[in-house]
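Colleague: Line by line, the protein sequences give chains Z and F. For reference, each letter of the first sequence is one residue, going 1 to 254 in full-length UniProt numbering. For reference, each letter of the second sequence is one residue, going 1 to 254 in full-length UniProt numbering. Every residue gets a Cβ at the ideal spot worked out from N, C-alpha and C, and that includes glycine. This one's a predicted model, so the numbers in the text were calculated from it and none came from an experiment. Next up is a structure, given as structure tokens.
Number of protein chains: 2
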Amino acid sequence: MSAQPTEVSRWKCTVAYDGSALAGWQIQPNAETVQSVIEARLAAVFKTPVDITGSGRTDSGVHARGQVFHFDAQWSHDPAKLLTAMRIGLPPTIQILTAKKVPATFHARFSAKGKIYHYDICHGAFADPFTQAYTWSMARTLDIEAMRAAAKLLVGTHDFRAFTAMPGSGVEKEDTVRTVKRLDITGRGTRLRIAAEGNGFLYKMVRSLTGALVDVGAGRLKPDDMTEILASQVRTQRVFTAPPQGLCLVKVFY
Amino acid sequence: MSAQPTEVSRWKCTVAYDGSALAGWQIQPNAETVQSVIEARLAAVFKTPVDITGSGRTDSGVHARGQVFHFDAQWSHDPAKLLTAMRIGLPPTIQILTAKKVPATFHARFSAKGKIYHYDICHGAFADPFTQAYTWSMARTLDIEAMRAAAKLLVGTHDFRAFTAMPGSGVEKEDTVRTVKRLDITGRGTRLRIAAEGNGFLYKMVRSLTGALVDVGAGRLKPDDMTEILASQVRTQRVFTAPPQGLCLVKVFY
């Protein structure tokens with residue numbers, strides 16, 4: 001039976017991935033990225049090249065439990081069957097969780113209203129073999145109360161230029177004002193999680209905030225330094241970028 | 001300050017490891033094994049080769065949260081400092097948890113009175129990217145009650161020859177009678193765990209028991225087939241060996 005011609009629809013998908021062995025989200029030559037793996041799968045499903053657009057890029061080694069992307073394609077079969085078709089043949093480290101038809105006005109990046117990231121830390125202990133790939137482990141015990149005091153000063157609407165990666169040519173012109181709604185630090189024993197929610201985050205911003213908070217927890221920075229660093233609007237080596245493996249994009253709000 | 005000569009002591013250690021990228025416990029040429037990594041570290045700590053003896057071997061890809069080994073060495077410093085010295089420089093996938101001096105009569109293998117293994121399964125679902133390295137994942141939903149009925153028939157003292165790996169030259173002569181004290185199946189949603197406790201397990205026995213139980217859960221075998229297979233005392237292709245990544249050596253009793 002030949003399917004009757006169908007219109008192009010826009011699809012919204014959520015995807016979880018273990019970024020340990022992936023070169024980040026964005027497609028690039030000679031490297032396995034989340035985008036390249038998913039686009040290869042979609043090309044097989046739709047028998048034509050399909051471009052996907054993510055809510056944003058995640059860096060090499062960063063994980064996601066709820067990354068969102070969209071694409072446009074013709075699917076003449078039962079909509080409920082697209083998810084299974086997409087999942088088959090993906091590596092076990094990349095899992096598409098949902099796929100649904102959305103209006104053509106939906107855009108994974110431009111429609112996003114906010115994001116939640118988690119950054120997981122193991123402190124005052126040697127790394128646990130089973131979670132070390134998703135955790136920044138350090139021997140030193142962190143002062144959580146000092147970190148919370150510092151986090152309070154970072155919450156709100158600020159120019160976060162001092163907490164994005166060292167400026168390349170582009171960042172000078174970019175609007176670097178963002179609103180951080182929550183920067184909650186929760187811990188139990190040697191485990192600690194920084195939950196960051198905001199309307200958007202600059203390049204390496206969550207990892208830079210985490211690096212600064214950990215330096216406060218370790219006594220290398222004082223909570224009040226956060227205000228001073230924010231006001232400086234210059235990224236210096238004073239702010240350390242936390243390693244990628246502790247970071248996970250948990251949710252994108254629309 | 002030169003340390004005064006100390007006597008050789010026996011040390012008992014527990015170790016956790018993510019076996020995903022390791023070629024099992026036992027030392028072998030041209031492969032990274034748990035034993036080879038730890039012995040290399042001990043040679044650096046003690047500045048002389050040190051042989052370690054494990055409670056038993058784990059296969060390539062199998063994990064451990066509480067593997068036990070012993071070794072004999074001269075340690076002239078604070079006993080509490082040996083653990084830290086051993087830990088430094090180990091890869092993040094191998095973590096020594098405890099190290100304590102024991103009487104020379106202690107033997108990691110011969111003194112062991114029992115072991116607990118866990119085998120983790122994800123059923124009726126696609127694999128989760130963050131736990132797939134520690135789980136056997138299958139699309140089919142398993143009948144847990146049928147698996148429990150089958151497990152009941154396997155608990156107790158039996159000749160488990162039909163549930164060990166295909167006999168090589170040695171196994172013919174080996175005593176294959178073992179006592180399985182517990183074979184508990186617990187589940188929540190798509191997750192399922194088989195907890196096996198016994199006085200000892202034959203080569204690939206837990207993975208063979210798991211393979212048979214999963215075949216019961218999937219309707220390919222009946223619970224009563226367990227009795228028949230046990231009685232046959234012959235390993236055939238009827239019993240499937242579950243893949244290594246779901247298995248974890250949790251505890252060794254002394």
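Please give me, in chain order, every unbroken run of the alpha helix (DSSP H) with length at least 4 that falls completely inside the region 126-188 of chain Z.
Modeller: DSSP runs (the alpha helix (DSSP H)) wholly in the region 126-188 of chain Z: 144-154.
Colleague: Could you give the uninterrupted runs of the alpha helix (DSSP H) lying entirely in the region 181-230 of chain Z, keeping only those of 4 residues or more?
Modeller: For the region 181-230 of chain Z, whole alpha helix (DSSP H) runs of length 4 or above, ordered along the chain, are 205-217.
Colleague: Give me the Cα-Cα distance between Z:T164 and Z:T93, rounded to the nearest whole angstrom.
Modeller: So the two alpha carbons sit approximately 28 Å from each other.
Colleague: Among the residues of its own chain, which have a CB less than 6 Å from the CB of F:S208, if the five just before and after it don't count?
Modeller: Correct list, in chain order: F163, V239, T241.
Colleague: If you scan the UniProt domain "Pseudouridine synthase I TruA alpha/beta" (15-110) of chain Z from start to end, which runs of the beta strand (DSSP E) of 3 or more residues do you find wholly inside it?
Modeller: Listed in chain order, they are 63-74, 94-102.
Colleague: By alpha-carbon positions, which one of F:A21, F:L83, F:Q237, F:T48 ends up nearest to F:A73?
Modeller: Among F:A21, F:L83, F:Q237, F:T48, the Cα nearest to that of F:A73 belongs to F:T48.
Colleague: Give the residues of chain F in contact with Z:T48, contact being defined as C-beta atoms less than 7 Å apart.
Modeller: Here the premise fails: no neighbours, minimum Cβ distance about 25 Å.
Colleague: Indicate whether F:I27 and F:Y119 have their beta-carbon atoms separated by less than 8 Å.
Modeller: No, these two residues do not count as a Cβ contact at 8 Å.
Colleague: Could you check where the beta strand (DSSP E) with F:Y254 kicks off and where it finishes?
Modeller: Looking at the DSSP string, F:Y254 is not in any beta strand (DSSP E), and its letter there is neither H nor E.
Colleague: Have a look at the DSSP bridge pairing and note the partners of Z:S9.
Modeller: Its beta-bridge partners are Z:A73.
Colleague: Would you identify the three-state DSSP class for Z:G246, choosing helix, strand or coil?
Modeller: Of the three classes helix, strand and coil, the one that applies to Z:G246 here is helix, per DSSP.
Colleague: Apply the 10 Å Cβ neighbour rule to F:S137 and answer buried if 16 or more other Cβ atoms are within range, or exposed otherwise.
Modeller: Buried, since its Cβ has 16 or more Cβ neighbours within 10 Å.
Colleague: Can you check whether the CB of Z:G198 is closer than 8 Å to the CB of Z:T210?
Modeller: For Z:T210 and Z:G198, no; Cβs fall outside 8 Å.
Colleague: Does the region 4-20 of chain F come close enough to the region 116-132 of chain F to have 3 or more Cβ pairs within less than 8 Å?
Modeller: No, the region 4-20 of chain F does not touch the region 116-132 of chain F.
Colleague: Under DSSP, the beta strand (DSSP E) around F:K115 begins and ends at which residues?
Modeller: That run of the beta strand (DSSP E) goes 114-123.
Colleague: Residues in its own chain within less than 6 Å of Z:M1 by CB, not counting five upstream and five downstream?
Modeller: The pLDDT assigned to Z:M1 is 48, lower than 50, so where the model puts this residue is not dependable, and the model offers no usable value.
Colleague: If I'm right that Z:P243 touches Z:D59 with Cβ under 8 Å, what's the distance once you round it to whole angstroms?
Modeller: No, Z:P243 and Z:D59 are not in contact; Cβ-Cβ is about 10 Å, not under 8 Å.
Colleague: Nearest CA to the CA of F:R182: which residue from F:R191, F:V206, F:R57?
Modeller: Closest by alpha carbon: F:V206.
Colleague: Along the region 84-113 of chain Z, where does the CB come closer than 7 Å to a CB of chain F? Name the residues.
Modeller: Cβ contacts with chain F: R87, P92, T93, I94, Q95.
Colleague: Would you kindly work out how many angstroms separate the C-alpha atoms of Z:S169 and F:D215, rounded to a whole number?
Modeller: At Z:S169, the pLDDT of 46 sits below 50, so the modelled position is not reliable; the number obtained from the coordinates is stated separately. Approximately 60 Å, taken between the alpha carbons.
Colleague: Using a beta-carbon distance below 8 Å, is F:F69 in contact with chain Z?
Modeller: False, the Cβ-Cβ gap to chain Z never drops below 8 Å.
Colleague: Quick check on F:P244 - is its C-beta less than 8 Å from some C-beta in chain Z?
Modeller: Closer than 8 Å: no.
Colleague: So with Cβ pairs under 8 Å, would you call F:S169 a contact of chain Z?
Modeller: Low per-residue confidence applies at F:S169: pLDDT is 46, beneath 50, and the placement is therefore not dependable, though the value from the model is reported in the following sentence. Answer no: the Cβ-Cβ gap between F:S169 and chain Z never drops below 8 Å.
Colleague: When the Cα of F:M147 is compared with those of F:Y203, F:K222, F:V177, which residue comes out closest?
Modeller: The option with the nearest alpha carbon to F:M147 is F:K222.
Colleague: Quick one: list the residues of chain F neighbouring Z:Y134, beta-carbon separation under 9 Å, in chain order.
Modeller: Per Cβ cutoff of 9 Å: F130.
Colleague: With Z:F160 and Z:L202 assumed to form a contact (beta carbons below 8 Å), what rounded beta-carbon distance in angstroms separates them?
Modeller: With 8 Å as the limit, Z:F160 and Z:L202 qualify as a contact, their Cβ atoms being about 6 Å apart.
Colleague: For F:D175, which residues in the same chain have their Cβ closer than 8 Å to its Cβ, ignoring the five residues on either side in sequence?
Modeller: Here the set comprises nothing.
Colleague: Using a Cβ-Cβ cut-off of less than 8 Å, list which residues of the region 6-23 of chain Z approach chain F; keep chain order.
Modeller: Result list: A16, Y17, D18.
Colleague: Could you tell me whether the Cβ of Z:A127 comes closer than 8 Å to any Cβ of chain F?
Modeller: For Z:A127, the answer is yes, since a Cβ of chain F falls inside 8 Å of its Cβ.
Colleague: Which residue wins for smallest C-alpha separation from F:R57, given the options F:Y117, F:D224, F:S232?
Modeller: Checked all of F:Y117, F:D224, F:S232; the closest Cα to F:R57 is F:Y117.
Colleague: Suppose you measure from the CA of F:S20 to the CA of F:R140; what does that come to, to the nearest Å?
Modeller: Taking the straight line from one Cα to the other gives about 24 Å.
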